[in-house]
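**Student:** 171 is the number that numbering that gives the first Met the number 0 gives to position 172 of the sequence shown; each next residue is one higher, with no gaps.
All C-beta atoms, glycine included, are put in the ideal place defined by N, C-alpha and C.
Note that the structure is a prediction, hence the values are computed from the model and not measured.
Take a look at this one; I'll ask things after.
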Amino acid sequence: MSLRVAVLGAGVMGETLLSAILRSGVPASDVVVSEKRAERADELRAAHGVEVTDTADAVRGADVVLVVVKPQDVPAVLGDVAPVVAPGATVVSLAAGIRIATFEAALPDGVGVVRAMPNTPALVGQGMFGVSPSAAVTADRLEQVVTLLASGGRVAVVPESAQDAVTAVSGSGPAYVFYLAEAMIAAGIDLGLEPDVARTLATQTVLGAAALLAESDDPPEELRRRVTSPNGTTHAAITTFDTEGVRAGLEAGVRAAAARSQELSGA
Ligand SMILES: NC(=O)c1ccc[n+]([C@@H]2O[C@H](COP(=O)([O-])OP(=O)(O)OC[C@H]3O[C@@H](n4cnc5c(N)ncnc54)[C@H](OP(=O)(O)O)[C@@H]3O)[C@@H](O)[C@H]2O)c1
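Written as structure tokens, this is what we have:
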């Protein structure tokens, strides 16, 4: 039997997920989108061939309901979802910082909730989703959600207590890599490279190193050791990073992100 999917909120992340789900082979006739603005609804119909309607219509008959609105819009959306959601449906929240208990309190008993933290590389099909199911989500239903989200990247299932750590490592993580790229580009320009050449060198190095790390069974420190000969150029850079406290700073930054995530979710 086919899976019926409702996507509530087709902004940046909602449309990204919608595209990924359709690309993965889910027929457009099994996906319904809810969007408030008529002009945007027309755009989505034209671009994706999906039905675009109001939230209540989209949710009726849906097996999986993806909530992809800004956190401040979640209470209003849940008010529209609660009266019409099917008892066996799974509601998946992509909204940062909102706890499973908030969804459960607003939805009828038995409706499963999955809290998911995405990241922006989902825009290019290379996202990372950390997902946490509520007690009402069966293994089969969790598998359905994992398969849907995997159309936009990789998925790790974690307990909800790990969501602040997920936010700190992969949710905010792309910004850390962009920060590294900014520094490599700035230093390259300072050393006399043309800006576009410096950007190409840094970008392809980040991409290539990530691909090597993803494909290798070795830990990153071993991959790093292999390009670091004693007293060579890489050794000079890494020694300087250590002296300047770069690694300690990065670790402290990730911890600060987790602490801020905890504060924002009111835990
Ligand atoms: N970890 C990350 O890096 C990351 C990245 C992206 C997104 N996210 C999460 O994803 C969620 C969406 O973010 P976004 O960047 O995609 O935001 P966005 O571009 O503002 O999209 C939200 C969409 O929801 C629509 N909307 C609001 N209320 C609605 C309602 N009652 N019914 C139907 N649609 C409604 C908005 O329509 P209008 O514009 O007409 O109001 C807008 O199109 C957020 O909760 C965010 O926390 C996380």
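Where in the region 67-144 do unbroken runs of the alpha helix (DSSP H), each at least 4 residues long, occur, reported from the N-terminal end onward?
**Tutor:** Taking only runs of at least 4 residues, the alpha helix (DSSP H) segments lying wholly in the region 67-144 are 73-80 and 99-105.
**Student:** Terminal residues of the continuous beta strand (DSSP E) containing SER33?
**Tutor:** Taken as a continuous stretch (DSSP letters only), the beta strand (DSSP E) holding SER33 covers 30-33.
**Student:** If we ignore side chains and look at the alpha-carbon of each, how far apart do VAL136 and VAL113 end up?
**Tutor:** Rounded to whole angstroms, VAL136 to VAL113 spans 8 Å at the Cα level.
**Student:** Just to check, is the beta-carbon of ASN230 closer than 7 Å to a non-hydrogen atom of ligand 1?
**Tutor:** No, the beta carbon of ASN230 sits no closer than 7 Å to any heavy atom of ligand 1.
**Student:** Measuring only from the beta carbon, is GLY8 closer than 7 Å to any heavy atom that is part of ligand 1?
**Tutor:** Result yes, Cβ under 7 Å from ligand 1.
**Student:** Whole angstroms are fine: how far does the CA of VAL68 sit from the CA of THR242?
**Tutor:** When rounded, the distance between both Cα atoms is 44 Å.
**Student:** Within 7 Å: the Cβ of MET116 and any heavy atom of ligand 1?
**Tutor:** It does: the Cβ of MET116 is within 7 Å (strictly closer) of some heavy atom of ligand 1.
**Student:** With hydrogens ignored, establish whether the beta-carbon of ASP72 is closer than 7 Å to any heavy atom of ligand 1.
**Tutor:** Yes, ligand 1 has a heavy atom inside 7 Å of this Cβ.
**Student:** Out of VAL144, PHE102, ARG140 and LEU148, point me to the one whose CA is closest to GLY124's CA.
**Tutor:** Comparing Cα positions, the closest option is LEU148.
**Student:** Which same chain residues, not among the five before or five after MET12, have their C-beta less than 8 Å away from its C-beta?
**Tutor:** The residues are VAL67, LEU93, PRO117 and ALA121.
**Student:** Consult DSSP for GLU193 and reduce its assignment to one of helix, strand or coil.
**Tutor:** Coil, per DSSP.
**Student:** By Cβ distance below 7 Å, which residues in the same chain neighbour ARG22 in space, the five residues on each side in sequence not counted?
**Tutor:** Closer than 7 Å at the Cβ level, and outside the excluded window around ARG22, lie SER150.
**Student:** Let me confirm a value: GLN203 is counted as buried when at least 16 other C-beta atoms fall within 10 Å, else exposed. Which label applies?
**Tutor:** Result: exposed.
**Student:** Less than 7 Å between the CB of VAL144 and some heavy atom of ligand 1, yes or no?
**Tutor:** Every heavy atom of ligand 1 is 7 Å or more from the Cβ of VAL144, so no.
**Student:** Any heavy atom of ligand 1 closer than 7 Å to the Cβ of MET12?
**Tutor:** Yes, the Cβ of MET12 comes within 7 Å of a heavy atom of ligand 1.
**Student:** Ignore the nearest five residues each way along the sequence and tell me which others in VAL51's own chain have a CB closer than 6 Å to its CB.
**Tutor:** The residues are VAL32, GLU34, ALA40, LEU43 and ARG44.
**Student:** Nearer than 7 Å: is that true of the beta carbon of ARG259 relative to any heavy atom of ligand 1?
**Tutor:** ARG259 Cβ: outside cutoff for every heavy atom of ligand 1.
**Student:** So LEU7 is in the alpha helix (DSSP H); what residue range does that whole segment cover?
**Tutor:** No alpha helix (DSSP H) contains LEU7, which is instead part of the beta strand (DSSP E) from 4-7.
**Student:** Does the count of Cβ pairs from the region 128-135 and the region 94-110 closer than 8 Å reach three?
**Tutor:** With the cut-off at 8 Å, the region 128-135 and the region 94-110 touch.
**Student:** If you pair each beta-carbon of the region 242-254 with each one of the region 78-92, do three or more pairs fall below 8 Å?
**Tutor:** Cβ pair count under 8 Å is below three, so no.
**Student:** Decide if SER28 is buried, meaning its Cβ has at least 16 other Cβ atoms within 10 Å, or exposed.
**Tutor:** It is exposed - the Cβ of SER28 has fewer than 16 other Cβ atoms within 10 Å.
**Student:** Do three or more CB pairs link the region 196-214 to the region 174-181 at distances below 8 Å?
**Tutor:** The answer is yes - the region 174-181 touches the region 196-214, with three or more Cβ pairs under 8 Å.
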